[in-house]
Amino acid sequence: MKAGNIQEKFFLEFDYLDCENPPFEQKQLEKRILFRPHQTYSLPNISMKYTPLDRSSEIIELNCVCNRKDNTNIIDKLIEEYSLEENLLWIDPCELPIECFTSIILNWSKSQKPEKNNSLAIPITKGESNNKTSTYILWKPSLSGPIKRRKSRNSIWYPSLSRDKNSLLKAFQYLDPYDAHPILDFSKVIVQPGEIDLTNHSIMLEQTRTRTRNFVYFDYLNPKRTFLDFLEVLQNIPKIGPFVVNPTVTPGGNRVIYLLMAIAGALSESDFLTPVNEIPMTSNREIQGIIVLRKCA
Amino acid sequence: MRKVDRVLPYTSSSFKVQQEQLQKHLSQIGVKLTDIEAERITCLSRRKYDRYDHFPPGENFTVRLIRWLTENFNRNERNDAFSIIKAIKFIDEYELKKLTTTTFENIRSEIGKENLNIQSKNWYSFIEIWNKRIEEELAKTIFVACADDINFDLFRRYAMRTHPNIFKKDNFVEYYKIDQSSLTDLPVNIRIVLLDQISASGTTAIRKDNKWTGKIPRFFDIWKDYLKDKKIYYCPYILSQVAHKNLEDRLLSWKKEEKISNEIKILQTCNISISPCISDSSGLNIDEKSNVAKLCKKYYNKFEEDEHTKMVGGVPYGYGRAGLTLVLQSNCPNNTLPILWHSFNDWYPLFPRVSHHR
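Protein chains in written order, with our numbering: chain A, 44 to 340; chain B, 96 to 453.
What follows is the structure, given as structure tokens:
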């Protein structure tokens, strides 16, 4: 698979381990990176009960990538400082605002030292993500945090229909996309009588004149294919040239689906339309699974 | 002259008009509908129900709904009858396509959870070996269609597209009733996956009449010795609670009686429960005192039983007492409440069904 901005000879691999305890452990080659979210500048008060973060590997505390004055790549800096090579960097997304999380992913993908082969492991806890209902802002992740974006005439919008009805309708009225591909949580849709997620947004779907064939079904139980397909869609949208289109992502719903959308959006350098400082995962719960992102030669 | 706003089809204005009309018509025949309920039903009828394959061209769900309520039920029964509509689970062609590809992904994921005996402790090589081992195991798998409405073509193409150079065409067998001599053409394999669209009572898959019959025993009869030491997966896209229990019980008895040594695993893609409009508070049983159950019983005299339905003692709550309100775009299963689909003795069906059993 082609990777967004990684040097051409490297490929991005996405794997999902459907387990609480990864079946490998190499203390020297694993580092736990804890980011202090930019809105607090201190480590979040998380009781680190779940297994991957109980690993006895070295812990590195870092300030959030957002709002930094220098534009250096935080992952490159880390590689240099700790002489990292072929390490697995555990990143805990709990308490991280979506802006910080996507900027960290972007830093990793744009690292100038892919040959050092440092990969990311992201544990995801079970349950639904926390979604704010305040005003939606259009932004884009960068190496040093989110950049505000002006709305474009040519937006294709990928909103999660698990979000609040009224705030999503307002978000649509602001963005005014020329096409929308709503995301539905398939494991919920397929068993839910009444189809609440779909019918909740009937007014918005009619106003956007979204056809049923535009619906995209995400299955959190099979994240690998879901992620690869979505990333491919976002990457294939022309962002330069005569027909510029701005893919805009509004993640939501199940935590796995939320993070898949966020990672795919960050790697493809898409726009995001979310409330400011939305923190999708706030509490430690049972682990649903672990995402592993690798750069392979 | 008063200016009338033009209502364009497929716009929010036509949606609003349709919603108001639905509310008005239903109110005239004694069915009370809140604004939110009217919005939901209008949304689902426009996006899903209108596309039911057996509606004649030009006819839509709303028109049929009004006829179904007025021609079949007394005025005081219509609100209860309408509660069935609120509980309908309609699976359209896009969802069925997604179910097809999800079934393949589930099988892949199940293989990934098996003990693949990976020795490496290094995280990087572990993932590399793990991915490779899953592909090797997939190559040793035969996928067999047990029904004609499972989008098997899509299943095969999806598998071959997402795992290029792994599968041969012969990994995919289009129907389980094949000639013994064709079995020699199959690639080397250790597991066989039987794909089915729906198992809502478990009867079509396995049952005991005078002797054991159904898709699974028939498959064993046809494939005979070829199945020695192979792992068998029965993978229905949709499995009801009732069927899950029946299948587990029957497979156990059948294996014991027929001395079958193969490991047989049920791996469904999605579970479907007894409809909330007819289930008790646990959601696991039919509440025969519920108003919907009473309606089903009252009008069961209109239903004409055949040898299959007689054998199970009648089907007022759907075949095998499945109590479903499930409708697939291609057909309505007989496990769904018959008052939704049968057309005997001038009963007007909302979703007319084409029977497989004749």
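Each residue gets a CB set at the ideal place from its N, CA and C atoms; glycine is no exception.
Exercise for review: Step through the CB atoms of chain B and report whether any lies within less than 8 Å of the CB of A/P66.
Suggested key: It does; some Cβ of chain B falls within 8 Å.
Check your understanding: How would you label A/F261, buried or exposed, when you count the other beta carbons within 10 angstroms and need 16 or more for buried?
Key -> buried
Exercise for review: Tell me where the beta strand (DSSP E) around A/V276 begins and ends.
Suggested key: Per DSSP, A/V276 belongs to no beta strand (DSSP E); it is in the alpha helix (DSSP H), 266-279.
Check your understanding: Does the distance from the CB of B/V422 to the CB of B/Y147 come in under 8 Å?
Key -> The beta carbons of B/V422 and B/Y147 sit closer together than 8 Å.
Review point. At a Cβ threshold of 8 Å, is A/N265 touching chain B?
Key: yes
Practice item. Could you please give the first and the last residue of the uninterrupted beta strand (DSSP E) stretch that includes A/P290? Key: It spans 289-293 - the beta strand (DSSP E) in which A/P290 sits, taken as one unbroken run.
Review point. Quick one: Cα of A/T94 to Cα of A/D207, how far?
Key: Per-residue confidence for A/T94 stands at a pLDDT of 47, beneath the threshold of 50, marking its modelled position as unreliable; no derived number is given.
**Study point:** C-alpha distance - B/L103 paired with B/R141, whole-angstrom precision
**Key:** 14 Å
**Study point:** B/Q123, buried or exposed, once every other Cβ within 10 Å from all chains shown has been counted against 16
**Key:** With a 10 Å radius around the Cβ and a threshold of 16 neighbouring Cβ atoms, B/Q123 comes out exposed.
**Study point:** Given A/A214 as reference, the closest of A/K159, A/F286, A/V299, A/W182 once Cα atoms are compared
**Key:** The shortest C-alpha to C-alpha distance from A/A214 to any of A/K159, A/F286, A/V299, A/W182 is the one to A/W182.
Exercise for review: To the nearest angstrom, report how far apart A/I122 and A/M247 are at their CA atoms.
Suggested key: Distance between the alpha carbons of A/I122 and A/M247: 46 Å.
**Study point:** Beta-bridge pairing of A/I190 - partner residues as DSSP gives them
**Key:** A/K183
Point to revise | Neighbourhood of B/S370 by C-beta, 7 Å cutoff - its chain only, sequence neighbours within 5 removed | key: A182, G418, L419, T420
Check your understanding: With distances taken from CA atoms, which of B/V449, B/H120, B/L435 is nearest B/S178?
Key -> B/S178 has its Cα closest to that of B/L435, out of B/V449, B/H120, B/L435.
Point to revise | Beta-carbon neighbours of B/W436, restricted to chain A and to distances below 9 Å | key: The premise fails here: B/W436 is roughly 17 Å from chain A at the closest Cβ pair, so nothing lies under 9 Å.
Check your understanding: Over what stretch of residues does the alpha helix (DSSP H) that includes B/C138 continue unbroken?
Key -> 130-142 is the extent of the alpha helix (DSSP H) around B/C138.
Exercise for review: Counting only runs of 4+ residues fully inside the stretch 89-173 of chain A, write out the alpha helix (DSSP H) ranges in chain order.
Suggested key: Runs found: 117-125, 141-152.
Exercise for review: Using beta-carbon positions only, say whether A/T269 and A/L303 come within less than 8 Å of one another.
Suggested key: yes
Point to revise | Between the CA atoms of A/P290 and B/F262 - distance to the nearest angstrom | key: 35 Å
Review point. Within 10 angstroms of its Cβ, does A/G332 collect 16 or more other Cβ (buried), or is it exposed?
Key: buried
Practice item. Can you pull the chain B residues whose beta carbon is under 8 Å from the beta carbon of A/T255, in chain order? Key: Residues of chain B passing the Cβ test: R142, K143, D187, Y189.
Review point. From A/V288 to B/S450, what distance separates their C-alpha atoms?
Key: Approximately 49 Å between the Cα atoms of the pair.
Review point. Of all Cβ atoms in chain B, is any one closer than 8 Å to the Cβ of A/Q250?
Key: For A/Q250, the answer is yes, since a Cβ of chain B falls inside 8 Å of its Cβ.
**Study point:** Reference A/R256; option with closest CA among B/L128, B/G153, B/K143
**Key:** B/K143
Review point. Which of helix, strand or coil does DSSP assign to A/K338?
Key: strand
Exercise for review: Closer than 7 Å by beta-carbon distance: list the chain A residues that pair up with B/S178, in chain order.
Suggested key: Per Cβ cutoff of 7 Å: no residues; B/S178 is ~11 Å from chain A at best.
Check your understanding: Between the stretch 312-319 of chain B and the stretch 248-265 of chain B, are three or more C-beta pairs nearer than 8 Å?
Key -> The stretch 312-319 of chain B makes no contact with the stretch 248-265 of chain B; the number of CB pairs closer than 8 Å stays below 3.
Check your understanding: Under 8 Å between the Cβ atoms of B/I293 and B/P428?
Key -> yes
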